Structure formats: structure tokens, C-alpha cells
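*Asks:*
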Amino acid sequence: MIVIEGLTPEEQAQPAPAATPEPVAPWLLPLRPVLETVQPGRVLRIQGQQAQAEFRLFLPQEALGGTLTLAQRSSIDVLPEASRIVVRLNGAEIGSFEPRQFGALGAVEMPLGTAARAGDNLVTIEAQHRHRIYCGADAEFNLWTDIDLSQSGLAMAGPALGTGSNAFIGALTAQAASGRPIEIRAAETPDADILRELAQVLGRPLPDEALPIALARPWTTSAGRSFARVTLLGSDTDRATIRRGGDGALVLVIEHQAGAAPRLALVEELLQDDAALPPPVLPQVPPGQTTTLAALGVPTIVTEERYFYRKLDFRLPDDWLLLASQKARIGIDYGFAEGLAEGALLLVKVNGTTVRMLPLDREAAPQKPRLEIPFPARLLRPGANRLAFEAIIPGNPPDEPCPAGQGELLAVLDTTDLTVPPSPRMRMADMAQDLAQVSPEAVQPATPEGLARALPFMSAFRDAAGGGQVRMTVAGIHDLGRMPLAEEGLTPRLLAMALLPSSAMRLDLPEVPAADAGADPLSPLGAAPGERTMPALVESNWLDRARAFTLATLEPALDGMRRLARPGDGELTEWFAARKGIAMLLSPEPGHLWVVLGPGAEPAKVATALAVAVHSPVGPRGQVSLLAEDGSWSSWSAPGLMPQLEEPVSLSNVRSVVGNVASARPPLLLGGMLGLAWISAAIAVAFVLRTRARSRS
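In this text, residue positions in the sequence shown follow this note's numbering: the first is 18, and each later residue adds one.
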């Protein structure tokens, strides 16, 4: 018997109190924003007087009775009493609240209700803001509500999740949102084809989203909290099961016989029953026909906003191409309220270019006479396009709050239509069309060592409709030497400079000795040390001045002539000089795309940006495209590309074919015209000489 001094026999006989387990933080099934590009940070801003944002939320069966949490805050300019945030789940309202959180983030909770379903759900957050002080378009940019995605979603205890397939997919979304990779653990590195197929199977339930996948050894400890992972395990049978790991994570265990490849069809069968939201499908506009907004699925557009922007995306056939002077047409039926302030405007835009500015400060009517707006058809592109209406309505007066119940300010009726002229079946080299033909099987790393960075791209893309004839190579900045750079002016150093951060390229400039201000009576006030203090016309000779004046005068004309001779986006070196990015997409040769990741790029985010760009008119185009930190794409098109005809030349299409070729290569048109002129002149001279010879004889 062990006797502990200081304790009575009664105290020694009592059992020790049970240890209290430390509380375990709940799992967060995240809100995944539905955007046309990648979300640059963890905070999503809903901005404007009336604005909304859409999110995906994957719910396991065990989470259907849960509560949605929003970590949010709003601008101090928002008037809470006249503002409202409405949350909908699959179209049904599940809650609303006044935006009163102005400082630190605050949590708002609301039950999911009966609209929730197992699988992917669509969450819509609608913000109805009103400014507490001002009224007008400028004031609306100060109205916003931020949603912190890292703290928003559905929280539930990890042990409450079962080991079903939809629970595992929910854990995949939680793992991806945590910023840590989804580990694939195996005793030996699996074959590249096995990893490609596994990445594709894991990503199929989550369309247009890339999974951050990494390879790891078994029996290792994760640096952070783990929600989901995959283990390849040698066994005497082929089987795929979902189990709970010792750390609480859901583990997809893929057993396979020794020396044989895992049967990933078993994993596909295990995960295929979980419903995912369908990818966006843009409505088609058939060329040669008039298509109304109603036919595109867009009802009459009405707004009470002082700044209003509404985009309407649609698709044209991939083999549609018009580059000459043909005209497309918008027939707009619209109306606006009486008494709008001076300067109110409605801008009609096609792919970012304003084709008409309509005043809204005079001759108001509920429905104005129909207005026909012709615009150059070359503003349209094969594939995805965007028609947009943008209204700017100043406040009246601007320094007071907008009157309550002001009613509708502007309406664009659903009878508004778009007519696109037909074209011959022609194509021009463009990575936007190539990107739509990328399939998971076509994704490959630049080197075997770079397989891990290519796995998110394999999970993001889907089987291409056209058979996936385009290859995609994923490279790092150190793999630029392997890329075939056929474009004039394209060098590995130029690409690296565009992807490296500015701090890595800082140059040490030589110090310039400070000038003695007292020795130069013409020195202007505030001249910096080493700055030129004499006017250029005084210290240079007349020949230099004449040359500088001539260049300054003729440069715009010369630039215009260069662009006329070689249509496109100018010299590639000049284009790169003004841009920085984190990743790049290039098309150095037909049917082959290269993705180059910068030092700070996350492969999963870049892969997601490329996957959603397939359905977006603002995705990468041309031959070179740069992804900026904010998720936007800047594209460069090579000059002088020739369109390819995919149908026989006939009397009905010869005019459009010649127009496209001449617009793509103006020197050909100029040379042809000069050639015809010389031939005509030669015939005329020969005729005159022969006539004179006959008359003399």
C-alpha cells in the first residue's frame, strides 16, 4: 500500500478526478465564392447601394440542421436603419440583418432551414445599402460590407461528421480553405498517371475549383490541423473506404494489391453520387438573327442606384470572326425618371468599349422611343462576350442623403435586342479557345520534379468537349529555358522580370553629386541634386533641338502607321514593361499552352483562375496573358496573325474573307492594290504605245 503524506485515509480512498479533455475547435465548412476569377484574399467585399455575391457551400448529410455563420463588418457610411443584408440558400431566404458592425468583425448566425440539401448549395448574400450623409454615384463607392471567408461558413464538431462520401467531400473543402494542402500519403511515390487520375477524381465533385494537393510520406505528422487526406495502402485486396484518422481527419484509404496499380474507379464510384452545382453555361447568340434580352434569360432591368453596372455575358460560335468594317447593332428600349441631376448618363458597353453615351438629364419618359446603336462588329470575339449597361446619376443635391422611396431611376426593357452579322467560318490563333480544349490528361509538368505543382491543375480541369487536343505544361520560373520561345522579342529574362517581385530587381543607381545652386543663377526653385537645371533649348545645339522636335511631332503618326501595318497590341517588350504578375499563360506554339508560376504564386489559385476563365469574357486571350495579384488578366495579341478559313470560298463569303485577311494584314491589301494599279498602268501604257504605233503606220 502506498501512503501519501498529508492526506487523510478518506481522501486517499477517493478516486482521482477524471481529466477534463481540452476543447476541440469545430470544423468550418467554408463559403466558396463564385467569381469570374480567383479571390485575391480572405475578405470579400460586397460594394454598392444594391449588390450581391454568390457562394457555394458543400453540406454533408449530418450538417443539414446546422447554422450558417457570417463574419462581417460594414462601412461607417452605411445607415443601418435604412439598410439590409439578406441571405438566401438555394433561392429561399434564411435570414436578414441590419449592418451595424462598423469596427471589428462581428458574427451573425442563422439556421439553414428546409432549403438545405446534401451536396453543393448556393448561398446568395444581397446587400441593400444606404448612405447616411451623401447621395450620388461617388457616395455609393463608400458603401460596402466585408465577409471574412476564413471565419464564415457552417461550424460543426468534427466527430459529428460520419464517414460517408459527402462528409469526405465537405472535409476536402475545409482542408482547401484552411490554406494547407490535401496530402496524398504513400510508402513509394505513385506513378504520374495514377496521381493525375486521382487528382481528377478528387476534383470532379467540385467543378471549376482546384485542390491544393501535395505528396507526403505515411506516418508523418501534419504541421497544422488536418481535415482530409488520402492514403495509398498496400493490401491483399482492392478497396476504397473512408475512415477517421487518429487526429480526427477523414482519410480516404485506397487499398491495392502489392505490385499493382490502385483501382481508382472504386474511388470514382464512391464519390460520384454527390451532387455538385452545374458549371455556368453562357447563352448562345446566333449570328444573323435578332436576339432579345428575354431570349437570353434576362428580365427587364430596373434600378434605384445612383451608380449602376449590369453585365450580360453571352457566347458567339468559336468559328465566328469579323475584323473589317461590318456593323453589329443594339436596339435598346429604355426609360428613366423625371428630374435626374445634370450630367446623368447611361453608357452602353461591348467588351469594355463604350459604344454609346445616353443622357439621362433631359426628355425623361417611362419608355423612350427605340434607339438603334450600330457598332463595329470587330469589338465582338469568338466565344464569350460581354454587353454591359453602366449608369452614373449624380445626387440632387449631392451633399444630402438620397430621399427615401425615390422609386425606380432607370429601366432597360427585356425587348432590347442584339443583332450580330454572320461571318464565314474562320479562326484566329487565340489561347481562349485553346484553354477550353484542355483536359486533365493533357496537363503535364515541365520536369518530373515539378509534378506536385501540376496536380492542382489536373484537379481543376474537366474533360474537354472537343476531345482535349491542347496540351498544358506547368512550369516554374526556373524552367523558362525549356520553353520554345518563337515569338519575336520573347526571352526567358523578359518573362522572369514580369514575374519577379520588384524588390528582387532593385538596381543600385550611381550617386550623382549635388550641384552648387549658387553657381547656377538659372537653377529653378526645388531642383533636386543632379537634376538638369538649364533648359534643353539653351544647352543643346540647333540640330539636337530640331531632331527632338521632329520626333515629338511625328511619333504619334509613326505609331499609328505601325499599328496600321501590324495590328495587335504593339511590341511585346513595351507591353511587359508596364506590367507585373504572379503567373503567366503563354501559347508559344499551336496546340500547346504553358503556365509559368512566379515565386509567390499558389498553384491551386492559379489553376482555379484558369478553370473559371473558360466561361468568362475577361479571361486570358491572345498569345501571352499575365495574372495580376488582384486576380485580373492582362492579355497581349501578336501582330499580323492570319485568320484560317474553315469552309470553301464562295460568292457569298468572299467579301468577308477578303475583309478579314486585309484587316489582319493591311500590307497585303496595300500591296494588292498597288499591284493592281501597276498592272492597270502597264496595260494602259501598252495600249497607248500600240495605238500610236498603228497610227504612225
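From the three backbone atoms N, C-alpha and C, an ideal C-beta is built for every residue, glycine too.
These numbers were taken from a predicted model, which means no experiment stands behind them.
Considering only residues of the same chain and omitting the five flanking positions on each side of LEU338, which have a CB-CB separation below 7 Å?
*Replies:* Excluding residues within five positions, the ones whose Cβ falls inside 7 Å are PRO399, SER440, MET443, ARG444, MET445, PRO660, ASN677.
*Asks:* Check whether the Cβ atoms of PRO411 and GLN343 sit closer than 8 Å, and answer yes or no.
*Replies:* no
*Asks:* Would you identify the three-state DSSP class for VAL10, choosing helix, strand or coil?
*Replies:* Beyond the ends of the chain as shown, which are 18 and 714, falls residue 10; an answer cannot be given.
*Asks:* Roughly how many angstroms separate the alpha carbons of ASP208 and SER91, rounded to a whole number?
*Replies:* 50 Å
*Asks:* Note the first and the last residue of the continuous beta strand (DSSP E) segment covering LYS622.
*Replies:* Segment 620-630 is the alpha helix (DSSP H) holding LYS622; no beta strand (DSSP E) there.
*Asks:* Kindly provide the ranges of any alpha helix (DSSP H) runs that are 4 or more residues long and lie completely inside the region 462-520, ordered along the chain.
*Replies:* 468-477, 509-516
*Asks:* Among ALA227, ILE259, GLY82, GLU646, which has the Cα closest to the Cα of VAL268?
*Replies:* ILE259
*Asks:* Quick one: grab the DSSP three-state call for ALA133.
*Replies:* In the structure shown, ALA133 falls within a coil segment according to DSSP collapsed to helix, strand and coil.
*Asks:* For GLN423, I'd like the list of residues in its chain whose CB is within less than 7 Å of its CB, leaving aside the five on either flank, ordered along the chain.
*Replies:* GLU321
*Asks:* Quick check on the DSSP output: the beta strand (DSSP E) that includes SER680 runs from which residue to which?
*Replies:* Run containing SER680: none in the beta strand (DSSP E); it sits in the alpha helix (DSSP H), 671-681.
*Asks:* Roughly how many whole angstroms lie between the Cα atoms of ILE230 and VAL612?
*Replies:* 17 Å
*Asks:* Looking at ASP434: is its Cβ nearer than 8 Å to the Cβ of THR590?
*Replies:* no
*Asks:* Which term fits PRO546, buried or exposed, when burial requires 16 or more other beta carbons within 10 angstroms of its beta carbon?
*Replies:* Confidence at PRO546 is low in this model, with a pLDDT of 40, below 50, so the placement of that residue should be treated as unreliable; the coordinate-derived value is given next. The residue in question, PRO546, is exposed, as its Cβ has fewer than 16 Cβ neighbours within 10 Å.
*Asks:* Which residue from ALA361, LEU388, LEU610, TYR351 puts its Cα closest to that of ALA453?
*Replies:* LEU610
*Asks:* Should HIS148 be labelled buried (16 or more other beta-carbon atoms within 10 Å of its own) or exposed?
*Replies:* The residue is buried, with at least 16 neighbouring Cβ atoms inside 10 Å.
*Asks:* Is the Cβ-Cβ distance between HIS146 and SER182 less than 8 Å?
*Replies:* no
*Asks:* Taking only the alpha-carbon atoms, compute the straight-line gap between GLN89 and LEU46 and give it to the nearest angstrom.
*Replies:* 17 Å
*Asks:* Decide if the region 61-74 is in contact with the region 117-127; the criterion is three or more beta carbon pairs, one per stretch, under 8 Å apart.
*Replies:* no
*Asks:* Which class does VAL104 belong to by DSSP, given the choice of helix, strand or coil?
*Replies:* strand
*Asks:* For GLN145, which residues does DSSP report across the bridge?
*Replies:* GLN67, ARG101
*Asks:* Counting beta carbon pairs with one atom in the region 208-217 and one in the region 182-200, are three or more of them shorter than 8 Å?
*Replies:* no
*Asks:* Check whether the region 346-353 touches the region 376-393, taking contact to mean three or more Cβ pairs, one atom from each stretch, closer than 8 Å.
*Replies:* yes
*Asks:* Apart from the five residues on each side of it in sequence, which residues of its chain come closer than 6 Å, Cβ to Cβ, to MET601?
*Replies:* VAL613, LEU643
*Asks:* Residues in its own chain within less than 7 Å of ASP255 by CB, not counting five upstream and five downstream?
*Replies:* GLU272, HIS273, GLN274, ARG280, LEU283
*Asks:* Straight-line CA distance for VAL372 to PHE474?
*Replies:* 38 Å
*Asks:* Span of the alpha helix (DSSP H) holding GLU591?
*Replies:* 589-594
*Asks:* Measure the CB-CB distance between PRO295 and ALA449 and report whether it falls below 8 Å.
*Replies:* no
*Asks:* Below 8 Å, how does it come out for the region 662-677 and the region 451-470: are there three or more Cβ pairs, yes or no?
*Replies:* no
*Asks:* Find the nearest neighbour of ARG596 within the set GLU646, ILE164, GLY241, judged by alpha-carbon distance.
*Replies:* It is GLU646 whose Cα lies nearest to the Cα of ARG596.
*Asks:* What is the rounded straight-line gap between the Cα of THR436 and the Cα of GLU110?
*Replies:* 38 Å
*Asks:* Go ahead and pull the three-state DSSP assignment for ASN413.
*Replies:* coil
*Asks:* According to DSSP, simplified to helix, strand and coil, what is SER697?
*Replies:* helix
*Asks:* Beta-carbon within less than 8 Å of ALA515's beta-carbon, same chain only, minus the 5 sequence neighbours each way: which residues are those?
*Replies:* PHE593, ARG596, LYS597, GLY598, MET601, LEU643
*Asks:* Using a Cβ-Cβ cut-off of 7 Å (strictly less than) and excluding sequence neighbours within five positions of LEU313, which residues of its own chain qualify?
*Replies:* Non-local beta-carbon contacts of LEU313 in its own chain, meaning distances under 7 Å to residues more than five positions away in sequence, involve PRO300, LEU329, PHE331 in chain order.
*Asks:* Considering only C-alpha positions, which residue in the set ARG707, ARG711, ILE700, ALA492 is nearest to PRO8?
*Replies:* The structure shown does not extend to residue 8, since the chain spans only 18 to 714, so no value can be given for it.
*Asks:* Throw me the rounded Cβ distance for the GLU417 and LEU364 pair, which I believe falls under 8 Å.
*Replies:* 26 Å between Cβ atoms; not a contact.
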